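Before any comments, here is the structure.
The following block contains the structure:
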């Protein structure tokens with residue numbers, strides 16, 4: 001792999017291009033990692049109005065909250081709220097390491113430290129913040145695909 005850094009004084013933003021052979025898994029994974037580093041979500045501490053910008057890499061999972069809000073569970077164990085619905089957040093993290101685990105949760109696959117089988121074809125995803133998210137049968141094939149256990 002060749003890495004080149006070209007500084008352009010006329011440029012105002014960073015542009016990343018990955019040139020690779022067709023269907024190169026390494027390049028796809030590299031692009032996902034770059035998106036995780038640059039992606040951000042806005043959250044609020046419960047009961048407060050101050051907004052916080054959270055890098056995607058600091059998030060362990062996103063779960064359905066009460067009413068029309070969602071809960072952002074941080075990798076350090078913290079909890080934030082967002083007024084966005086889960087499907088809106090899923091669109092915001094598309095192309096990153098986040099996967100849908102159930103109708104109620106998105107999981108940062110980088111935060112998963114163990115996967116255990118559960119009853120009825122479900123999976124228990126143990127996260128690095130000592131939380132466990134249950135992946136329902138509907139979403140288990142996506143997780144297996146991510147692990148390379150079944151074809152794309």
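In full-length UniProt numbering, the protein residues as written are 1 to 152. We put the beta carbon where it would ideally sit given N, CA and C, even for glycine. Note that this is a predicted model, so its numbers are computed, not measured.
Straight-line Cα distance separating residue j from residue i
i, j, result
"residue 58", "residue 76", "8 Å"
"residue 99", "residue 108", "7 Å"
"residue 29", "residue 18", "11 Å"
"residue 8", "residue 33", "24 Å"
"residue 147", "residue 93", "19 Å"
8 Å contact criterion, which residue i and residue j should meet: CB distance rounded
i, j, result
"residue 61", "residue 106", "6 Å"
Nearest residue (CA-CA) to residue i, options the options
i, options, result
"residue 35", "49, 46, 15", "15"
"residue 21", "72, 139, 85, 1", "1"
"residue 129", "123, 116, 78", "78"
"residue 133", "120, 70, 31, 111", "111"
"residue 96", "40, 9, 120", "40"
"residue 121", "91, 94, 136", "136"
"residue 80", "46, 26, 86, 127", "46"
"residue 43", "27, 10, 23, 85", "85"
Other residues of its chain near residue i: CB distance less than 7 Å, five sequence neighbours each side excluded
i, result
"residue 104", "63, 64"
"residue 118", "124, 134"
Buried versus exposed call for residue i [16 or more other C-beta atoms within 10 Å across all chains shown]
i, result
"residue 13", "exposed"
"residue 72", "buried"
"residue 3", "exposed"
Neighbourhood of residue i by C-beta, 8 Å cutoff - its chain only, sequence neighbours within 5 removed
i, result
"residue 139", "99, 100, 101, 102"
"residue 89", "41, 62, 70, 82, 106"
Same chain, Cβ closer than 6 Å to residue i, neighbours up to 5 away in sequence not counted
i, result
"residue 142", "99"
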